[in-house]
Ligand code: F6R
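Residue numbers (our numbering): 541 to 795.
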């Protein structure tokens with residue numbers, strides 16, 4: 541694993557955007573796995589800026605998002621579809637027909653998940669998967685205790701995740717209880733993985749996930765077994781990690 545230590549959120553966003561942008565430049569028809577949430581907003585903003593400067597071309601890029609709430613329509617401002625369009629897709633020259641998210645309005649969970657898995661296989665898998673990190677170690681909506689061998693599946697959100705996401709809804713009761721998410725197997729099949737993390741409130745889980753035992757109780761811990769993971773985190777998020785281990789793991793990275 542490579543670790544890039546950023547000064548703050550803006551620096552983290554810029555570093556993450558640099559890695560995504562390098563991927564697009566090296567392989568213009570790449571498949572990007574994308575995430576929503578607060579963490580990647582700054583990176584998307586940076587990518588849009590570089591696109592407007594003429595430094596980036598999304599015309600051949602395909603994207604697959606990690607997840608979508610079940611039962612929320614695409615038009616709803618709380619849907620991840622809406623989020624992605626608002627923050628990235630409608631601001632760059634991406635072909636919208638090549639931007640994929642699970643269909644949250646498909647009431648048949650099995651059908652929705654199988655269709656999404658088929659799409660990911662049909663586009664040849666993911667070149668670079670961007671991930672945020674939940675306070676409980678979730679990646680995508682893979683909550684603690686999830687089986688590592690799953691592809692896209694329907695999950696019931698944990699109380700902690702519902703609380704963390706209620707900031708995007710009028711009240712806690714409005715947060716959907718279920719979501720369709722790429723599984724750990726899908727995420728681990730990505731050729732490269734970029735994890736972006738920011739803030740002191742994530743320091744404990746960064747330490748547990750990347751320096752603790754690999755266990756389904758901490759879904760992100762499985763990333764220790766992937767052979768091409770880059771963690772971009774600010775100083776606060778790295779503050780509980782052992783300094784000497786960080787140094788070792790940063791070989792090849794900029795610490
Ligand atoms: C988002 C996702 C989630 C978030 C995680 C961190 O598509 O799948 O795993 O990445 O909950 O969220 P933020 O960035 O809001 O702290």
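Where is the CB? At the ideal position from N, CA and C, for every residue including glycine.
Query                                                                                                               : Result
Cβ-heavy atom distance, residue 701 to ligand 1, below 8 Å                                                          : yes
The segment 594-606 in contact with the segment 708-720 per 3-pair CB rule at 8 Å                                   : no
Check your reading: residues with Cβ closer than 5 Å to ligand 1 heavy atoms                                        : 575, 576, 577, 578, 579, 606, 607, 672, 674, 680
Residue 707 vs residue 652 beta-carbon contact at 9 Å                                                               : no
Cβ separation of residue 545 and residue 763, assumed to be a contact under 8 Å, to the nearest whole Å             : At roughly 17 Å, the Cβ-Cβ gap does not stay under 8 Å, so residue 545 and residue 763 are not in contact.
Member of 655, 633, 635 whose CA lies at the smallest distance from the CA of residue 642                           : 655
Helix, strand or coil at residue 640 [DSSP, three-state]                                                            : strand
Local conformation of residue 576 per DSSP, three classes                                                           : coil
Buried versus exposed, by CB contacts within 10 Å (16 or more), residue 619                                         : buried
Residue 566 classed as buried or exposed, judged by whether at least 16 other C-beta atoms fall within 10 angstroms : exposed
The segment 624-632 touching the segment 665-676, judged by at least three CB pairs closer than 8 Å                 : no
Expected contact under 8 Å - CB spacing of residue 757 and residue 685 to nearest Å                                 : 6 Å
Identity of the residue in 549, 541, 738, 597 nearest residue 560 by Cα                                             : 597
Separation of residue 572 from residue 747, as counted between CA atoms                                             : 26 Å
In chain order, each beta strand (DSSP E) run of at least 3 residues that lies wholly inside the segment 701-779    : 718-721, 732-737, 769-774
Length of the line joining the Cα atoms of residue 794 and residue 771                                              : Only weak support exists for where residue 794 lies, its pLDDT of 46 falling under 50; the value from the coordinates is given anyway. Distance between the alpha carbons of residue 794 and residue 771 is about 11 Å.
Endpoints, the beta strand (DSSP E) within which residue 546 is located                                             : 542-546
Coarse secondary structure for residue 608, derived from DSSP in three states                                       : strand
Cβ-Cβ distance between residue 692 and residue 726 below 9 Å                                                        : yes
Buried or exposed (CB count within 10 angstroms, at least 16 for buried), residue 761                               : buried
Span separating the alpha-carbon of residue 773 from that of residue 738                                            : 6 Å
Beta carbon of residue 582 nearer than 9 Å to that of residue 554                                                   : yes
Cutoff 6 Å; reference residue 732; Cβ partners in own chain excluding five residues on either side                  : 668, 768
Beta-carbon gap between residue 735 and residue 677 smaller than 9 Å                                                : no
N- and C-terminal bounds of the beta strand (DSSP E) containing residue 653                                         : No beta strand (DSSP E) holds residue 653; the alpha helix (DSSP H) holding it covers 649-662.
Residues bridged to residue 695 [DSSP beta-bridge criterion]                                                        : 719
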